[in-house]
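The structure under discussion appears below in the form of structure tokens.
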Amino acid sequence: MISQQGKAMGEDTQLLVSVVIISYNGRKYLAHCLDSVLDQDFPREQYEVILVDNASQDGSADFVEQNYPAVRVLRLDHNYGPSVAMQRALPHLKGRYFAAINQDVTAHRRWLAELVGVITAEPQAGIVESNMILSQWPEYNELQRDAPVQRAYVCDLTPLGVHDFHVVAVTPNSPPIPVLSAYCAGFIMNPRIIEKLGYFVDPGLFAYFDDIDLGLRLNAAGYKVLLAPRSLVYHDTEWHFKWNMRSVRRAFWSTRNMILVFYKVSYTSEFLRLLPQLLVGKLVKAGQHARSPVAKVALALAGTPLLLVGLAAALVKMPGYRELRRITLSHRVMPRGWLVDRLRNADWQPDQTVWAGRSAVVGG
Numbered sequence: 014m015i016s017q018q019g020k021a022m023g024e025d026t027q028l029l030v031s032v033v034i035i036s037y038n039g040r041k042y043l044a045h046c047l048d049s050v051l052d053q054d055f056p057r058e059q060y061e062v063i064l065v066d067n068a069s070q071d072g073s074a075d076f077v078e079q080n081y082p083a084v085r086v087l088r089l090d091h092n093y094g095p096s097v098a099m100q101r102a103l104p105h106l107k108g109r110y111f112a113a114i115n116q117d118v119t120a121h122r123r124w125l126a127e128l129v130g131v132i133t134a135e136p137q138a139g140i141v142e143s144n145m146i147l148s149q150w151p152e153y154n155e156l157q158r159d160a161p162v163q164r165a166y167v168c169d170l171t172p173l174g175v176h177d178f179h180v181v182a183v184t185p186n187s188p189p190i191p192v193l194s195a196y197c198a199g200f201i202m203n204p205r206i207i208e209k210l211g212y213f214v215d216p217g218l219f220a221y222f223d224d225i226d227l228g229l230r231l232n233a234a235g236y237k238v239l240l241a242p243r244s245l246v247y248h249d250t251e252w253h254f255k256w257n258m259r260s261v262r263r264a265f266w267s268t269r270n271m272i273l274v275f276y277k278v279s280y281t282s283e284f285l286r287l288l289p290q291l292l293v294g295k296l297v298k299a300g301q302h303a304r305s306p307v308a309k310v311a312l313a314l315a316g317t318p319l320l321l322v323g324l325a326a327a328l329v330k331m332p333g334y335r336e337l338r339r340i341t342l343s344h345r346v347m348p349r350g351w352l353v354d355r356l357r358n359a360d361w362q363p364d365q366t367v368w369a370g371r372s373a374v375v376g377g
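Count along the sequence shown starting at 1, add 13, and that's the number in the working numbering.
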């Protein structure tokens, strides 16, 4: 039970934060990630570092045990996906707060201090996420771990219900930024708020839309999801679009999971109002990977069959989601129509300059 897991954290210990890295066949990333996490502008005695290994086959767990004695390793017997692995880690953590960072991330030296500063100042914050620099953006190449942060890449749900980025300037006085989704390449959470949602993670989502699911449920329950603009991570993620089986699987699962997530957090009348714009949003998102208008339309049309298959899979799955939906709606305090209105009246649009250097790779 989540309540039992939450109570296990922070009891009889002076540790403020447990930092967790979920690993799956990520040995090539782990040295950069762990070196940056262990070298933080934050008192070392106030945080622990735990690697949770999802049954990697590349020796990740052995590598960490042999080279990073300060890091505790928890080995799982199966690849449970990132969210379920986090849930399984909770009973083993000693910190009052639970932070996590992707295995393919390098953290700025102020990463943890900025997250802690926001979540301790915001008692209603369930999750605080980091400002994330992807590998195609100019700041990534320099990997400045000590320099002041000047721009925040804010990832949130667009008016069409898909996540995208917009850019805001950052100053030493920039406040945390409220968001709907929790884009969790680096974040900190308050487990005492998470346990009030009825359940932590939805194991049926595995790896796609699980963080957005958590962010929407927190918002619906009246809690805050915030982005800390000066808490910076560099995310070494694949950003070129390749038309292959991996991208096909990703498109299918993300579509199916998106529909299920919005279904869980919405009453039926709301869901029916949201569904058309969600489907349009997925097609627009597919076209984003191309530069020319013709190529954008071609990619959107190519994605239509996958969209329909994902929709059908979600509809088949919905009867099995009745209990999770009941729990989600029983913890919701926001009035009817809040999410429809929030998306419709979003005061931002995706920043096209973010993807200016992006190119599609067909085939591969």
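Beta carbons: idealized from backbone N, C-alpha and C, even for Gly.
Check the Cα spacing between residue 291 and each of 95, 270, 308: the tightest is with 270. Residue nearest to residue 122 within the set 34, 50, 266, 167 is 50 (criterion: CA-CA distance). Annotation note: the stretch 189-277 contains the following uninterrupted alpha helix (DSSP H) runs of length 4 or greater, listed N- to C-terminal: 204-207, 223-233. Minimum Cα-Cα distance from residue 247 among the listed residues 145, 323, 334 corresponds to 145.
Counting other Cβ atoms within 10 Å of its Cβ, residue 204 reaches 16 or more and is therefore classed as buried. Distances from the alpha-carbon of residue 196 to those of 216, 184, 223 put 223 closest.
Distance from the CA of residue 249 to the CA of residue 87, rounded to the nearest whole angstrom, comes to 24 angstroms. In the structure shown, residue 347 falls within a coil segment according to DSSP collapsed to helix, strand and coil. The stretch 158-171 and the stretch 183-190 touch, with three or more beta-carbon pairs separated by less than 8 angstroms.
One Cα belongs to residue 279, the other to residue 170, and the distance between them is close to 16 angstroms.
Annotation for residue 49: the continuous alpha helix (DSSP H) segment containing it runs 40-51. When the alpha-carbon of residue 229 is set against those of 219, 93, 64, 210, the nearest one is in 210. In this structure, residue 221 lies near residue 267, with their beta-carbon atoms less than 7 angstroms apart. The beta-carbon distance between residue 98 and residue 35, rounded to whole angstroms, is 5 angstroms. This is short enough to meet the 8 angstroms contact definition.
Looking from the CA of residue 347, the closest CA among 74, 308, 234 belongs to 234. For residue 158, the CB contacts under 6 angstroms within the same chain, skipping 5 residues up- and downstream, are 121, 122 in chain order. Within the same chain, 265 come within 7 angstroms of residue 322 by CB-CB distance, once the 5 residues on both sides are set aside. In the same chain as residue 367, and ignoring 5 residues on each side of it, the C-beta atoms closer than 6 angstroms to its own belong to 178, in chain order. Between residue 85 and residue 63, the gap from beta carbon to beta carbon is short of 7 angstroms. Counting only the Cα atoms, residue 131 lies some 14 angstroms from residue 109. Around residue 74, the same chain offers 36, 64, 66, 86, 88 as residues with beta carbons nearer than 8 angstroms, after the five sequence neighbours per side are excluded. In this structure, the CA atom of residue 94 is about 30 angstroms from the CA atom of residue 364. Annotation for residue 55: no beta strand (DSSP E) segment contains it, and DSSP assigns it neither H nor E. Using a Cβ distance threshold of 7 angstroms, residue 356 and residue 191 do not count as a contacting pair.
Going by DSSP, residue 75 is part of the alpha helix (DSSP H) stretching over 73-80. Under the three-state reduction of DSSP output, residue 119 falls in the strand class. The three-state secondary structure of residue 336, taken from DSSP, is helix.
DSSP places residue 139 in the uninterrupted beta strand (DSSP E) bounded by 138-147. Put simply, of 188, 92, 340 the residue whose alpha carbon is nearest the alpha carbon of residue 128 is 188. Per DSSP, residue 85 lies in no alpha helix (DSSP H); the unbroken beta strand (DSSP E) holding it starts and ends at 84-88. Residue 143 sits close to residue 244, with the two beta carbons spaced by under 7 angstroms. Exclusion of the five residues before and after residue 125 leaves 53, 55 as the residues of its chain whose Cβ lies within less than 6 angstroms of its Cβ.
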